[in-house]
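A.B. asks: Chains as they are written, first to last, in our numbering: chain G, 1250 to 1708; chain H, 1250 to 1708.
Number of protein chains: 2
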Amino acid sequence: MSMQAHLAAQRPRQLGQLTEFASFASVSGVDEHRDDVLACAAWVERRLRDAGLERVGVHEAGGNPVLYGEWLGAGPEAPTVLVYGHYDVQPPDPLELWTSPPFEPTIRDGCLYARGVSDNKAQIFLAMAAVEATLAVDGRLPCNVKLLVDGEEELRADRLDALIAARRELLAADLLLNTDSTFLAPGVPSVPVGVRGMVALELSITTAAGDLHSGLFGGVAPNALQVLATLLATLRAPDGTILVDGFYDDVAPVSAAERAAWARLPLDEEAIRAQAGVLRLMGDGDHSAIERQWARPTLDLNGIWGGFQGQGTKTVIPARAHAKLSCRLVPDQRMDEVLAQLVAHLERHTPPDARLTIESTLAGAPPMLTAPDHPAVQAALGALAAGFERPAQLTRLGVSVPINEIAARLLGIPAVMLGFSAPTDAFHAPDEHFSLDSFDRGLRTLVEFLPRLAALWER
Amino acid sequence: MSMQAHLAAQRPRQLGQLTEFASFASVSGVDEHRDDVLACAAWVERRLRDAGLERVGVHEAGGNPVLYGEWLGAGPEAPTVLVYGHYDVQPPDPLELWTSPPFEPTIRDGCLYARGVSDNKAQIFLAMAAVEATLAVDGRLPCNVKLLVDGEEELRADRLDALIAARRELLAADLLLNTDSTFLAPGVPSVPVGVRGMVALELSITTAAGDLHSGLFGGVAPNALQVLATLLATLRAPDGTILVDGFYDDVAPVSAAERAAWARLPLDEEAIRAQAGVLRLMGDGDHSAIERQWARPTLDLNGIWGGFQGQGTKTVIPARAHAKLSCRLVPDQRMDEVLAQLVAHLERHTPPDARLTIESTLAGAPPMLTAPDHPAVQAALGALAAGFERPAQLTRLGVSVPINEIAARLLGIPAVMLGFSAPTDAFHAPDEHFSLDSFDRGLRTLVEFLPRLAALWER
Chain G
1250 MSMQAHLAAQ RPRQLGQLTE FASFASVSGV DEHRDDVLAC AAWVERRLRD AGLERVGVHE
1310 AGGNPVLYGE WLGAGPEAPT VLVYGHYDVQ PPDPLELWTS PPFEPTIRDG CLYARGVSDN
1370 KAQIFLAMAA VEATLAVDGR LPCNVKLLVD GEEELRADRL DALIAARREL LAADLLLNTD
1430 STFLAPGVPS VPVGVRGMVA LELSITTAAG DLHSGLFGGV APNALQVLAT LLATLRAPDG
1490 TILVDGFYDD VAPVSAAERA AWARLPLDEE AIRAQAGVLR LMGDGDHSAI ERQWARPTLD
1550 LNGIWGGFQG QGTKTVIPAR AHAKLSCRLV PDQRMDEVLA QLVAHLERHT PPDARLTIES
1610 TLAGAPPMLT APDHPAVQAA LGALAAGFER PAQLTRLGVS VPINEIAARL LGIPAVMLGF
1670 SAPTDAFHAP DEHFSLDSFD RGLRTLVEFL PRLAALWER
Chain H
1250 MSMQAHLAAQ RPRQLGQLTE FASFASVSGV DEHRDDVLAC AAWVERRLRD AGLERVGVHE
1310 AGGNPVLYGE WLGAGPEAPT VLVYGHYDVQ PPDPLELWTS PPFEPTIRDG CLYARGVSDN
1370 KAQIFLAMAA VEATLAVDGR LPCNVKLLVD GEEELRADRL DALIAARREL LAADLLLNTD
1430 STFLAPGVPS VPVGVRGMVA LELSITTAAG DLHSGLFGGV APNALQVLAT LLATLRAPDG
1490 TILVDGFYDD VAPVSAAERA AWARLPLDEE AIRAQAGVLR LMGDGDHSAI ERQWARPTLD
1550 LNGIWGGFQG QGTKTVIPAR AHAKLSCRLV PDQRMDEVLA QLVAHLERHT PPDARLTIES
1610 TLAGAPPMLT APDHPAVQAA LGALAAGFER PAQLTRLGVS VPINEIAARL LGIPAVMLGF
1670 SAPTDAFHAP DEHFSLDSFD RGLRTLVEFL PRLAALWER
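1. Quick check on this structure: which residue in H:P1350, H:P1438, H:F1683, H:R1389 has the alpha carbon closest to the alpha carbon of P1640 of chain H?
2. Using 8 Å as the cut-off, can you tell me whether the stretch 1462 to 1469 of chain H makes contact with the stretch 1640 to 1660 of chain G, which would need three or more C-beta pairs spanning the two stretches below that distance?
3. Can you name the start and end residues of the beta strand (DSSP E) that S1687 of chain H belongs to?
4. Compute the distance between the beta-carbons of S1275 of chain G and G1334 of chain G, then report whether it is under 9 Å.
5. Give a yes or no on whether 9 Å exceeds the smallest Cβ distance from P1672 of chain H to chain G.
6. According to the Cβ coordinates, are D1499 of chain G and R1569 of chain G closer than 9 Å?
7. Can you tell me whether K1563 of chain H is helix, strand or coil according to DSSP?
8. If the cut is a Cβ gap below 9 Å, which residues of chain G does Q1266 of chain H touch?
9. Look at the Cβ atom of R1416 of chain H, then the Cβ atom of G1322 of chain H, and state whether they are nearer than 9 Å.
10. Going by DSSP, what residues sit across from S1575 of chain G in a beta bridge?
11. DSSP three-state label for R1260 of chain H, please.
12. Here's the rule I'm using: 16 or more other beta-carbon atoms within 10 Å means buried, otherwise exposed. How should A1593 of chain H be labelled?
13. Near G1278 of chain G, which residues of its chain fall below 7 Å by C-beta distance, leaving aside the five closest residues on each side in sequence?
14. Given a cut-off of 9 Å on the beta-carbon distance, is the pair M1377 of chain G and R1296 of chain G in contact?
15. So, using beta-carbon positions, are K1395 of chain G and L1420 of chain G closer together than 9 Å?
16. Would you kindly work out how many angstroms separate the C-alpha atoms of A1510 of chain H and W1543 of chain H, rounded to a whole number?
17. Using 9 Å as the limit for Cβ to Cβ distance, is D1770 of chain H near chain G?
18. Within its chain, find whatever has a CB closer than 7 Å to the CB of H1598 of chain H; leave out the 5 residues flanking it on each side and keep chain order.
19. Under 9 Å between the Cβ atoms of H1623 of chain G and P1663 of chain G?
20. From M1447 of chain G to Y1336 of chain G, what distance separates their C-alpha atoms?
21. Per DSSP, which one or two residues make a beta bridge with R1485 of chain H?
22. Quick one: residues in its chain with C-beta nearer than 7 Å to the C-beta of S1430 of chain H, no 5 flanking neighbours on either side, listed in chain order?
23. Does the distance from the C-beta atom of P1580 of chain H to that of A1656 of chain H stay below 9 Å?
24. For S1367 of chain G, which residues in chain H fall below 8 Å Cβ to Cβ?
25. Quick check on A1434 of chain G: does DSSP put it in helix, strand or coil?
26. Are the stretch 1691 to 1704 of chain G and the stretch 1614 to 1629 of chain G touching by the rule of at least three beta carbon pairs closer than 8 Å?
27. Can a CB atom of chain G be found closer than 9 Å to the CB of G1312 of chain H?
28. Could you please give the first and the last residue of the uninterrupted beta strand (DSSP E) stretch that includes M1666 of chain G?
29. What residues in its chain sit with their C-beta under 6 Å from that of P1314 of chain G, if we drop five residues either side in the sequence?
30. Going straight from the alpha carbon of A1449 of chain G to that of I1607 of chain G, what length do you get?
31. Give the single residue among H:G1468, H:T1456, H:E1507, H:L1514 whose Cα lies nearest to the Cα of E1518 of chain G.
32. Can you name the start and end residues of the beta strand (DSSP E) that R1604 of chain G belongs to?
33. Within the same chain, show all residues whose beta-carbon is closer than 6 Å to that of T1610 of chain G, passing over the 5 residues directly before and after it, in chain order.
34. Where does H1677 of chain G sit, in a helix, a strand or coil, going by DSSP?
35. Using a C-beta to C-beta distance shorter than 9 Å, which residues of chain G count as neighbours of I1553 of chain H?
36. Determine the closest residue to P1471 of chain H out of G:E1507, G:D1602, G:G1526, with distance taken between C-alpha atoms.
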């Protein structure tokens, strides 16, 4: 039987299984869903076995189960790909905004609706299905495959980090295939080669021993909120340019090839503005909106608070004010360097009548970039073009993806991101969905990718 | 019996009664203290009768009882003074910081400790005691007296406003004597002739339909918190000068006489700095700290909030940000004018990628000034100098005092503030107290004030 006929014959069963997978309320980090998480993990474990994988087992590092399975029959000369995905999902709140219940998967308008179906259940499911189909049709895989299905991707990365550090030998591979990825736009298959890094910082401003009465001390006492506002206003120019000394020094320019590829992408600034739901786009006009989203660093205030926030009026001069901020980093910025630049800027701009406290700093993730001309990237682009019957695009993501950096650091391997969700799939939001067209074409893409990857090693 | 002998003989009884008065937990606006408030009001009603006042009764306008009593035996040729005070008190929290329980009045180190004893029970009690003593010794008062004892001063002024509006004839007088006042410093008797006004405003900034992911939209989406910080930073110069167009236009200069009196006051900038508990005083150096506290307008941020305020990091680009601010006003600023100036400034400085919403404005109280050379002010200064045996000072207060403005607006009378508490008495704070020396000297001052006031009308 041809692969095409096999996939067609198996489609109802595979779609039924994804529906089953998506019906688990596997919300990580919420006590009331602990049993759902464990049931979902057990389901994944069985599914890995059913797909024909070996050495299937549960690995833990103090958190939710992480599932593993492998097929190493291609031999030591063939490449080994470590496929990553996760079965945990975001909380479904606010429930009242869902058209159908989040854990009762429902097909409407050519899409399957359920929490976590796009992020990341359908995508990691398709990897299992591709392995199963190839083994069924060919009796073997063209390369060695290791599958790692995380249970805490939506929660934290430190325990996965520890787990991988403790199992370097088991997980050794030539390439990370990260299924937790997304297209540029619906129907625009794409391979993101870069992800931004992230650092964060929390600060406080103190101007007095305690809050003061504005009637008694208004006019002579400094106001922590005013100091904070004035300090935060020094961070960015009106056009969004970041005014922290040295901030852009290590930013690697985008190659002419990538810049040209981005200019051809079917995504104009008006579409980005509409996606964001903003009145107008912000940012330094010397760089296109796409470049600013993918290859330029950012500084965003994430939270500010201080003084009286209740109903009505309280004429207080607050003594303390707080802010949280974070930066997205791009190659070749270093996390520690950027944090030091931020702290130096804040210290230099704090007036003498206030005290600055850096409450915490977080080196969240470094920026990552896989060379756009890496052969595996080209293999992914080719497989996508075949699976989706249209040209695939070279993109980046503006977000941070810990597993890419963990794999690079602990396993010494580059990451190729190959996922089929669309930015309009409402991941992390009500009515999350995954298109059935992407389900079929994604499966064909993965089936296509494995021999293309193997071929690279044969050359 | 001479007044001096009478006061000495009665002192233990009067002090016992104040102790009784201060033992009521007459916290306004708290359901659990409703019975305490009513019991305290009943006690005040009896005390007014015992003092020899007539037409004693309870007046209400939908809130806590307001007590009234009068003695009009001086006849239509003599002046009528309306004495104001309040029996309600601030909540005693935090209880653990009290040395003795807040409603078990205790004498230590020459002071009576209890919640509300300084603000305002001792002071209004002394007015009752002065009336009683004068009637006992002289058989009459030198002027007509009306006493109004409020039950919601710590809560709101609108119901008192309505009550006075409905009883203009009953409350008609030549002068308001407001006992809810304070000395410049302990042992520095003073008559504040001015109080500042107050306006407040709450605003929001909106930059997007909803919060955005900083990975996806960082670099292109405006950030409501950054817009808010930058907007609020335009309000004040580093030295505290308010940058709102026209803000200072109507500020009346301080008379040479008042300015000279203030320069002689025993309160230097270091003492003010220490009182405020700040690293250094803030403000335009062209005006002394005292002038900035009493006779210059202010603009203070009272609260700001937006985005993520919890533990840890959330890399969000907040779509909404909020701020509350308020101004203290001085003669001849107008509330509506200042609010319009503020709104115009905020609108002008909101960038095109954000939307400003003025959530609410509050015209809290206009600034008030009694002419420093008003004969009744001079009578109060003279009575204080006699009672405390040291020169009394002409001061102002930086706070807003609604009753002064209500009396001016509804009864057409000027206010003289005559109280004996000290800024160190910890009103609104744990271990509130009132000195027994002020108890004795304050009573003598009030006994002295009535004939001095009457004498003004005889001239």
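Even for Gly, the Cβ is constructed at its ideal location relative to N, Cα and C.
C.D. replies: Answer, in terms of the structure:
1. H:P1438
2. yes
3. That residue, S1687 of chain H, is in no beta strand (DSSP E); its alpha helix (DSSP H) goes 1685 to 1707.
4. no
5. yes
6. no
7. coil
8. Result: empty, since nearest Cβ-Cβ is about 30 Å, beyond 9 Å.
9. no
10. G:A1449, G:D1549
11. helix
12. exposed
13. L1404
14. yes
15. yes
16. 13 Å
17. Only positions 1250 to 1708 of chain H appear in the structure, and residue 1770 of chain H is not among them; the question remains open.
18. L1480, T1483
19. yes
20. 24 Å
21. H:I1491
22. P1441, M1666, L1667, G1668
23. no
24. The contacting residues do not exist; S1367 of chain G stays about 14 Å from chain H at best.
25. strand
26. yes
27. no
28. 1664 to 1666
29. A1290, V1307, G1400
30. 11 Å
31. H:G1468
32. 1604 to 1614
33. L1450, L1588
34. coil
35. L1474, L1477, A1478, I1553, W1554, G1555, G1556, Q1558, P1567, A1570
36. G:G1526
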